[in-house]
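The structure under discussion appears below in the form of C-alpha cells.
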Ligand code: SF4
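Chains as they are written, first to last, in the numbering used here: chain A, 1 to 203; chain B, 1001 to 1478.
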C-alpha cells in the first residue's frame, strides 16, 4: 500500500452519522472479481440525492471524508474500504468508527482520524470552502485558519501507514529470513522445490 | 530436541521461518492450490501493489467450483462458453492470472482438470511433511498424505502468493484413534460421519487432529482422503494421517512427485515424520470400529448423524437447549418428523461426487451396488461427477460409466457440481438429495435443498430403492 504521511486537500463534508458499509458499497457490487473499480459504486444510495456532496464539483477528487459518529458500521465487507480507496479517499475524520471498518481501512492504507464532535463540526464548516491538512507524523489536523486538533493512533498502525507497510509488506520485511529458510530447505529437502519435482508435468 | 513429538509438531517445527515474541510464527508454505472463486481479488491486490508471486513453482491453479459439469466441447471439439456471466468472468480471470504470474495452470478442458483436492494428490503435488494451503476450507483433505493442509481466506491467498508464508499460532493437538476392523458395508465415509457425530461440529475447533488406529492404518489412501476431507466439519482446521508405505506407493511415479534419487531422499525424510511413541496430544478421542455402521445425516449440520437403521431424533431429547432449538429448526427445514425411520425417507435426487467422494474407489463402490440395477421411479435426478478428468478416464476404462448410465445416472464432467449451489447443478427447493458431499447446510445444494450425507455405496443404494437404504441389506440380499 501507498505510504501515508500528509493528506491535504478538499474534504467531503458529509457529516452523516452511522454511515454503514451497505451505504458505502451496496451488496450488488460484491460479485466483482476485482478490488479496484468499485469507486463508481461508492455511496450509490446517497448519490440518489441530487445535492449530495460526492457529486458536488466543489469537492471533486477530495482525498478526505468528514463524517459523523460510528462510520463504517454494519457488514464486514472489505469492499467498503476498496471502494473508498478507489475513489481516492486516504483519510476519514469522524468522532468514532466501527472496529471492522477501521481495520479494513488500515489494511488498505486509509487513515481513520478520531476527533471530538466539536472539532468535527468545526472541520465540516471549514471544508465548505477551504482545504484540510492531516499530518500523521505530528498527529494533527490543521486548517488555514489556525485550527489545530491532535488525534491518537496506535503506534504500530502509525508505523505501518507511514512506511506504507500492509501485512504483506510487513512480512516482506522478513524477506532475508524467508530467503535463508528457502536456502536451507533447498539443500536439506531439495525435492520440496518445484523446479525439480514438477518438470514432468504436461498440461 | 529429545522430547517425543507428534507428526504435527514435526511438520510445524520444520516450517518455522521466524518466531515472534508473542509466540506467533511465520510459517513457510510449500504448496498452494488456487481456484477461480477465491483468487481474483488476491491477484488484483498483487497487481495493485506491483508484487509478484514469490514461488510460482510451488503454486498450482485449477478451476473447479463454478464450472458447469455438462460437456465442455461441442462435437467439433470447440470449447463451449459458460452461460453464467459471473462464472465465466471468474474463469477468465484465472485463465489470465495464472500465466501472467507464471503459475502452472490446468485448464477447464485438460484431462488433469478436476476438484483441487482431488487433483493435488493425484498429480503428486501434495506430499507428506509439506505445508499446504488453498482458499477453500476442505484443503484439510490433503492431510491424508501427511501434509499439514488447511483452508485460508482471500487476503491470506494474496499473502501466500506474495510471501510464500503465513503468520500463524500453533494449534493444540488431538488424536482421534479408531481401532478394530470395519464391518461389511461400512466405508470410510461412515467412519468420518461417526467421528463428526461424536465430536460435534465444533469439537475440534482450535485443534489440529491426527487420525490414528488400525482402521486408519488399514484404509486405502483414497479412503483416508475422505476422512481428512471432513476434518473441518468437526471444527479442526487440519486432519493429519501419518505417511506410511501405502502413502509412498500411492505417490510414486505421480507427475509432480519427486523422482529418482530425490524420491529416495524424500521417502527417507518422510519416514522420520510419524508421531514418536509416547508423544503427547492435548486431547485423545477413541472410537471402536465395531460401533460404526452405515450412517446418514438427518439435519442441517454434519454432526446430525444417525445410523441408517435409526430414526429421526426428537429435538426434546437433546440436553443442550440451543441444540434442541437448532434440531427443531433443522427438522422443519428438512421436512422430517421426530421418530420417523430414516429408511422410510424418500429421496428425489442422488449426487455422487465432491472432493469427499469422487475418486475411483468411490465410483467403484457405487457401481458395485448399481450393477444390473436401475434407479427407482421416484428419483428425478441422479448425477455421478468424477473428481477429475483422470478419474473419469479410468472409470470409463473399467466400464463403470456404462453401469451408471445403464442404471439411469448422468455421467458428467469433473467439478464441484451439486456440492454447492454455485454452478448449474442444484437440488430443487423442497427436494431431498442423498449426497456423498460433506455439507448439509441449509441451502448448500441450492435454496431450500434438503441434503442427507452418506457414502457412495449408500447413495447408490438410495438410488435403487428411492429412499435412504441400508446398503448391507441390498448387497446381502444378492
Ligand atoms: S467439492 Fe464441494 S467441498 Fe469440495 S472443494 Fe468443491 S465446493 Fe468445496
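Note that beta-carbon positions come from the ideal geometry of N, C-alpha and C, so glycine has one too.
A quick note: this is a predicted structure, and the numbers were derived from the prediction, not measured.
Cβ-heavy atom distance between residue 1437 of chain B and the ligand SF4 below 7 Å? If you number the second chain from 1, residue 1437 of chain B lands on position 437. The beta carbon of residue 1437 of chain B sits closer than 7 Å to at least one heavy atom of the ligand SF4.
Under 8 Å between beta-carbons, which chain A residues line up against residue 1028 of chain B? List them in chain order, please. In the second chain, residue 1028 of chain B corresponds to position 28, counting from 1. Per Cβ cutoff of 8 Å: 178, 181, 182, 185.
What would DSSP say about residue 1150 of chain B, mapped onto helix, strand or coil? Taking the second chain and counting its residues from 1, one reaches residue 1150 of chain B at position 150. Strand, per DSSP.
Sequence ranges, beta strand (DSSP E) only - wholly within the segment 1189–1236 of chain B, length at least 3: Fully contained in the segment 1189–1236 of chain B are the following beta strand (DSSP E) runs of length 3 or more, in chain order: 1207–1212.
Chain B contact for residue 192 of chain A (CB, 8 Å cutoff): As a working mapping, residue 192 of chain A is identified with position 192 in the first chain. By the rule that beta-carbons nearer than 8 Å mark a contact, residue 192 of chain A touches chain B.
Under 8 Å Cβ-Cβ, which residues of chain A neighbour residue 1090 of chain B? The residue given as residue 1090 of chain B occupies position 90 in the second chain. Residues of chain A passing the Cβ test: 33.
Roughly how many angstroms separate the alpha carbons of residue 143 of chain A and residue 132 of chain A, rounded to a whole number? Looking up residue 143 of chain A in the first chain gives position 143. Looking up residue 132 of chain A in the first chain gives position 132. Taking the straight line joining both Cα atoms gives about 5 Å.
Note down the Cα distance separating residue 1220 of chain B from residue 1338 of chain B, rounded to an integer number of angstroms. Taking the first residue of the second chain as 1, we reach residue 1220 of chain B at position 220. Taking the first residue of the second chain as 1, we reach residue 1338 of chain B at position 338. Their backbone Cα atoms lie some 37 Å apart in a straight line.
Would you give the residue range spanned by the beta strand (DSSP E) that residue 1238 of chain B belongs to? The residue given as residue 1238 of chain B occupies position 238 in the second chain. Residue 1238 of chain B -> beta strand (DSSP E) spans 1238–1240.
Three-state secondary structure assigned by DSSP to residue 1381 of chain B: On the second chain, residue 1381 of chain B is found 381 positions in, with the first residue counted as 1. Strand, per DSSP.
Would you mind reading off the limits of the beta strand (DSSP E) that contains residue 1019 of chain B? Position 19 of the second chain, counted from the start, is the residue given in the question as residue 1019 of chain B. For residue 1019 of chain B, the uninterrupted beta strand (DSSP E) segment begins and ends at 1016–1019.
Is residue 1133 of chain B near the ligand SF4, in the sense that its beta carbon is under 7 Å from a heavy atom of that ligand? Indexing the second chain from 1 puts residue 1133 of chain B at position 133. It does not: the Cβ of residue 1133 of chain B is nowhere closer than 7 Å to a heavy atom of the ligand SF4.
Is there a C-beta anywhere in chain B that falls below 8 Å from the one on residue 201 of chain A? Start at 1 with the first residue of the first chain, and residue 201 of chain A comes out as number 201. Summary for residue 201 of chain A: the model assigns pLDDT 42, below 50, so the residue's position carries little reliability, and this model does not support an answer.
Could you check whether the Cβ of residue 1218 of chain B sits closer than 7 Å to any heavy atom belonging to the ligand SF4? Within the second chain, numbered from 1, the residue matching residue 1218 of chain B stands at position 218. The answer is no for residue 1218 of chain B.
Which runs of the beta strand (DSSP E) fall wholly inside the segment 1037–1083 of chain B and span at least 3 residues, in chain order? As for any beta strand (DSSP E) of minimum length 3 sitting wholly inside the segment 1037–1083 of chain B, the runs are 1059–1061, ordered along the chain.
Using the C-alpha atoms, what's the distance from residue 1079 of chain B back to residue 196 of chain A? For this step, residue 196 of chain A is matched to residue 196 along the first chain. For this step, residue 1079 of chain B is matched to residue 79 along the second chain. Caution applies to residue 196 of chain A, whose pLDDT of 42 falls short of 50 and renders its modelled position unreliable; the value that the coordinates give is listed next. Whole-angstrom Cα-Cα distance: 33 Å.
Within its chain, find whatever has a CB closer than 7 Å to the CB of residue 1087 of chain B; leave out the 5 residues flanking it on each side and keep chain order. By 1-based counting over the second chain, the position of residue 1087 of chain B is 87. So the list reads 1066, 1423, once near-sequence residues are dropped.
Just to confirm, are residue 1443 of chain B and residue 1430 of chain B a CB contact at a threshold of 8 Å? Stepping through the second chain from its first residue, residue 1443 of chain B is reached at position 443. Stepping through the second chain from its first residue, residue 1430 of chain B is reached at position 430. In this structure, residue 1430 of chain B does not lie closer than 8 Å to residue 1443 of chain B by Cβ.
Given a cut-off of 8 Å, decide if residue 1064 of chain B and residue 1035 of chain B are closer than it, judged by their beta-carbon atoms. In the second chain, the residue the question calls residue 1035 of chain B occupies position 35. In the second chain, the residue the question calls residue 1064 of chain B occupies position 64. Going by C-beta atoms, residue 1035 of chain B is nearer than 8 Å to residue 1064 of chain B.
Supposed contact pair residue 1292 of chain B and residue 1190 of chain B - C-beta distance, whole angstroms, cut 8 Å: Position 190 of the second chain, counted from the first residue, corresponds to residue 1190 of chain B. Position 292 of the second chain, counted from the first residue, corresponds to residue 1292 of chain B. Right, their Cβ atoms sit about 6 Å apart.
Residue 1065 of chain B touches chain A at which residues, Cβ-Cβ below 9 Å? For the purposes of this step, residue 1065 of chain B is taken as residue 65 along the second chain, with counting starting at 1. Those within 9 Å of residue 1065 of chain B in chain A number zero; the least Cβ separation is about 13 Å.
Minimum C-alpha distance to residue 1114 of chain B - residue among B/1357, B/1302, B/1051: Working through the second chain from its first residue, we reach residue 1114 of chain B at position 114. Put simply, of B/1357, B/1302, B/1051 the residue whose alpha carbon is nearest the alpha carbon of residue 1114 of chain B is B/1357.
Contacting positions in the segment 1141–1169 of chain B - beta carbon closer than 8 Å to chain A: The segment 1141–1169 of chain B vs chain A, Cβ under 8 Å: 1155, 1158, 1159, 1162, 1163, 1164, 1165, 1167.
Grab the span of the alpha helix (DSSP H) containing residue 1033 of chain B for me, first residue to last. Mapped onto the second chain, residue 1033 of chain B falls at position 33. Premise fails: residue 1033 of chain B lies in the beta strand (DSSP E), 1031–1034, not in any alpha helix (DSSP H).
Does residue 107 of chain A come out as helix, strand or coil in the three-state DSSP assignment? For the purposes of this step, residue 107 of chain A is taken as the residue at position 107 of the first chain. Three-state DSSP puts residue 107 of chain A in a helix.
Using a Cβ-Cβ cut-off of 6 Å (strictly less than) and excluding sequence neighbours within five positions of residue 1299 of chain B, which residues of its own chain qualify? The residue labelled residue 1299 of chain B in the question sits at position 299 within the second chain. Scanning its chain for C-beta atoms nearer than 6 Å, with the 5 sequence neighbours on each side dropped, one finds around residue 1299 of chain B the residues 1330, in chain order.
For chain A, find out if any of its Cβ atoms is closer than 8 Å to the Cβ of residue 1013 of chain B; answer yes or no. Numbered from its first residue, the second chain carries residue 1013 of chain B at position 13. So no, residue 1013 of chain B is outside the interface.
Can you tell me whether residue 1065 of chain B sits near the ligand SF4, meaning its C-beta is under 7 Å from at least one heavy atom of the ligand? In the second chain, counting from the first residue as 1, residue 1065 of chain B sits at position 65. For the ligand SF4, a non-hydrogen atom lies closer than 7 Å to the CB of residue 1065 of chain B.
Count the other CB atoms, across all protein chains shown, that sit within 10 Å of the CB of residue 1097 of chain B; report buried if there are 16 or more and exposed otherwise. To locate residue 1097 of chain B, count along the second chain from 1; it is residue 97. So residue 1097 of chain B counts as buried.
Candidates B/1316, B/1156, B/1435, of which the one nearest residue 1420 of chain B by Cα: Taking the first residue of the second chain as 1, we reach residue 1420 of chain B at position 420. Selected option, being the one with the closest Cα: B/1435.
Residue 1293 of chain B (DSSP reduced to helix, strand or coil): In the second chain, residue 1293 of chain B corresponds to position 293, counting from 1. In this structure, residue 1293 of chain B counts as coil in the three-state DSSP scheme.
Does residue 1483 of chain B pass the burial test, meaning 16 or more other C-beta atoms within 10 Å, or should it be called exposed? A query on residue 1483 of chain B cannot be resolved here, the shown segment of chain B reaching from 1001 to 1478 and no further.
Alpha-carbon to alpha-carbon, residue 191 of chain A and residue 1256 of chain B: Numbered from 1 along the second chain, position 256 holds the residue referred to as residue 1256 of chain B. Numbered from 1 along the first chain, position 191 holds the residue referred to as residue 191 of chain A. If you draw a straight line from the Cα of residue 1256 of chain B to the Cα of residue 191 of chain A, it is about 10 Å long.
To the nearest angstrom, report how far apart residue 1263 of chain B and residue 1254 of chain B are at their CA atoms. Residue 1263 of chain B sits at position 263 when you count from the first residue of the second chain. Residue 1254 of chain B sits at position 254 when you count from the first residue of the second chain. The C-alpha of residue 1254 of chain B is placed about 11 Å away from the C-alpha of residue 1263 of chain B.
Closest residue to residue 1225 of chain B among B/1313, B/1185, B/1274, B/1354 (Cα-Cα distance): Within the second chain, residue 1225 of chain B is the residue found at index 225, counting from 1. Comparing Cα-Cα distances from residue 1225 of chain B to each of B/1313, B/1185, B/1274, B/1354, the minimum goes to B/1354.
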